[in-house]
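Peer 1: So for the sequence shown, the working numbering puts the first residue at 4; every next one is plus one. I'd like to ask some things about the structure below.
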Amino acid sequence: MESRTALYESHLRYGARMVSFAGWTMPLHYGSQVDEHHSVRRHAGMFDVSHMAIIDLQGSGVKAALRRLLANDVVRLRDPGKALYSCMLDESGGVVDDLIVYWLESDHYRVVVNAATAESDLEWMRAQFSGAQVGLDERRDLAMVAVQGPQARQLVLPIIPTKQLCEAASGLRPFFAAAEGAWLVARTGYTGEDGFEVMLPGVEAPAFWDRLAESGVAPCGLGARDTLRLEAGMNLYGTDMDRDHGPLESGLGWTIAWEPADRYFVGRSALARQQSAPDLPRFVGLVLEGKGVMRGHQVVWQGDAPVGEITSGGYSPTLDRSIALARFGGAVEGGRVEVEIRGRRYPARIVEPPFVRHGKSCLALDA
């Protein structure tokens, strides 16, 4: 039987079309995926992301253990509440998962991992932490709601339950969080828009969802979440990176903390070898020049040679054209290629992601 979040009944009341996703029954949309997408870009939308696993890590050995576990370095978290995005790698440099880690206080960290990999992530962490003074607590008592869009923060703040937490949340910088009791409000997201991700007791989530809806925040499903993250040039685990494709070949080199040089982390040696390889794959964005929709696994051509493959692709409601992320394994000259769609090749332009940020195009499409 598939799992259900604390907001399952709320989704039914709001008319969601429910689908199976990573072992959970989740809302795909509430009528129009495109309308939900535009709500986030222009106003505010909310997502139930309670299927993702929230894991609290505590103990005297937790900082050292995380420095060994993650390619990014938690030493960069110098202020309580600061968050860090990182990949968790295996010894070959492949991505076990990508995650966000928060430093809450002293020897207490919180990580949020993907739903599809939650069980294997926990097993991996326990194996890597063997012998270390670290306790792991999966917080399935908590729900998580992401509220995103240009008006998201101003609509969330009046609904936060205490004055102290509201005041702390109102002054948060990007990638910082404030916590009080079981509530945590983080200025993070997966859409390319400003907003909050709110972790709260599951029993309180339906009332929070209703109050957001009453204030004008649009319920949004998995469909809009995917088109928004693609426009923002954000990777999806299992699609854009995985155990076979590490951060250096997935546009995530910026998430690796190489300094200090004597810090060991799992996968470091393999990444160092890849970094000096002359044939390291290149990760790019593509914009289709004309009609058609790019999808994952379609082949990218230049002349008579296949040079790469689409990893994520789809229609961009903001740009009204198809966009994609792609991995090139062959040599590419210039800025144009062709994408094979249903046996025909369509011209596409190579660009640097993101495609959209804060509701505005990042592309010089007429250049």
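The C-beta atom is built at its ideal place from N, Cα and C for all residues, glycine as well.
1) Which residue spans inside the region 116-158 form an unbroken beta strand (DSSP E) run of at least 3?
2) CA-CA distance, residue 103 and residue 258?
3) By DSSP, does residue 294 sit in helix, in strand, or in coil?
4) Classify residue 351 as helix, strand or coil using the three-state DSSP reduction.
5) How close, in whole Å, do the beta carbons of residue 181 and residue 171 come, if the pair is a contact with beta carbons under 8 Å?
6) Find the nearest neighbour of residue 361 within the set 236, 18, 242, judged by alpha-carbon distance.
7) Could you give the first and the last residue of the continuous beta strand (DSSP E) run that contains residue 316?
8) CA-CA distance, residue 24 and residue 199?
9) Using 10 angstroms around the beta-carbon of residue 165, count the other beta-carbons present and answer buried if the total reaches 16, otherwise exposed.
10) Output the distance between the C-alpha atoms of residue 80 and residue 222, rounded to the nearest integer angstrom.
11) Give me the Cβ distance between residue 353 and residue 330, rounded to the nearest whole Å; I'm assuming they're in contact under 8 Å.
12) So, with DSSP's three-state summary, where would you put residue 93?
13) Do the CB positions of residue 30 and residue 19 come within less than 8 Å of each other?
14) Based on Cα-Cα distance, which residue from 175, 196, 90 lies nearest to residue 188?
15) By DSSP's criteria, residue 181 is part of a beta bridge. Which residues make up the other side?
16) Report yes or no: do three or more beta-carbon pairs, one from the region 253-271 and one from the region 296-303, lie closer than 8 Å?
17) Rounded to whole angstroms, what's the CA-CA distance from residue 39 to residue 168? Just pull it up for me.
18) Roughly how many angstroms separate the alpha carbons of residue 369 and residue 240, rounded to a whole number?
19) Among residues of its own chain, excluding the 5 on either side of residue 313, which ones have a beta-carbon nearer than 6 Å to its beta-carbon?
20) Please classify residue 357 as buried or exposed, where buried requires at least 16 neighbouring CB atoms within 10 angstroms.
21) Are the region 192-212 and the region 119-137 touching, with three or more C-beta to C-beta distances below 8 Å?
22) Suppose only complete runs of 3+ residues qualify. What are the beta strand (DSSP E) ranges in the region 17-61, listed by chain order?
23) In angstroms, rounded to a whole number, what distance separates the CA positions of residue 43 and residue 106?
Peer 2: Answer, in terms of the structure:
1) 138-141, 145-151
2) Counted from its first residue, the sequence shown places residue 103 at position 100. Counted from its first residue, the sequence shown places residue 258 at position 255. CA-CA distance, residue 103 to residue 258, rounds to 11 Å.
3) Here residue 294 corresponds to residue number 291 of the sequence shown, with the count starting at 1. DSSP places residue 294 in coil when its eight states are reduced to three.
4) Along the sequence shown, read from residue 1 onward, the residue named residue 351 stands at position 348. In the displayed model, residue 351 falls within a strand according to three-state DSSP.
5) In the sequence shown, counting from the first residue as 1, residue 181 sits at position 178. In the sequence shown, counting from the first residue as 1, residue 171 sits at position 168. Confirmed, Cβ separation roughly 4 Å.
6) The residue given as residue 361 occupies position 358 in the sequence shown. It is 236 whose Cα lies nearest to the Cα of residue 361.
7) The residue given as residue 316 occupies position 313 in the sequence shown. Where residue 316 is concerned, the enclosing beta strand (DSSP E) stretches over 308-319.
8) Stepping through the sequence shown from its first residue, residue 24 is reached at position 21. Stepping through the sequence shown from its first residue, residue 199 is reached at position 196. C-alpha separation (whole angstroms): 23 Å.
9) Taking the first residue of the sequence shown as 1, we reach residue 165 at position 162. Classification for residue 165: exposed.
10) The residue given as residue 80 occupies position 77 in the sequence shown. The residue given as residue 222 occupies position 219 in the sequence shown. For residue 80 and residue 222, the distance between alpha carbons rounds to 33 Å.
11) Working through the sequence shown from its first residue, we reach residue 353 at position 350. Working through the sequence shown from its first residue, we reach residue 330 at position 327. Actually they are not in contact, since the Cβ atoms of residue 353 and residue 330 sit about 12 Å apart, beyond 8 Å.
12) Counted from its first residue, the sequence shown places residue 93 at position 90. Three-state DSSP puts residue 93 in coil, outside helix and strand.
13) For the purposes of this step, residue 30 is taken as residue 27 along the sequence shown, with counting starting at 1. For the purposes of this step, residue 19 is taken as residue 16 along the sequence shown, with counting starting at 1. Yes. Within cutoff.
14) As a working note, residue 188 is residue 185 in the sequence shown. Nearest option by C-alpha distance: 175.
15) Sequence index remark: in the sequence shown, residue 181 carries index 178 (1-based). Answer is 188, bridged to residue 181.
16) no
17) In the sequence shown, counting from the first residue as 1, residue 39 sits at position 36. In the sequence shown, counting from the first residue as 1, residue 168 sits at position 165. If you take the alpha carbons of residue 39 and residue 168, they lie about 28 Å apart.
18) Along the sequence shown, read from residue 1 onward, the residue named residue 369 stands at position 366. Along the sequence shown, read from residue 1 onward, the residue named residue 240 stands at position 237. Confidence in residue 369 is poor, its pLDDT being 44 and thus under 50, which makes the residue's placement unreliable; the coordinate value appears in the next sentence. Computed Cα separation, rounded: 32 Å.
19) On the sequence shown, residue 313 is found 310 positions in, with the first residue counted as 1. For residue 313, where only same-chain residues beyond five positions count, the Cβ hits under 6 Å are 297, 299, 301, 327, 329.
20) One-based indexing of the sequence shown puts residue 357 at position 354. So residue 357 ends up on the buried side.
21) no
22) 20-24, 27-32, 48-51, 56-61
23) Working through the sequence shown from its first residue, we reach residue 43 at position 40. Working through the sequence shown from its first residue, we reach residue 106 at position 103. Whole-angstrom Cα-Cα distance: 28 Å.
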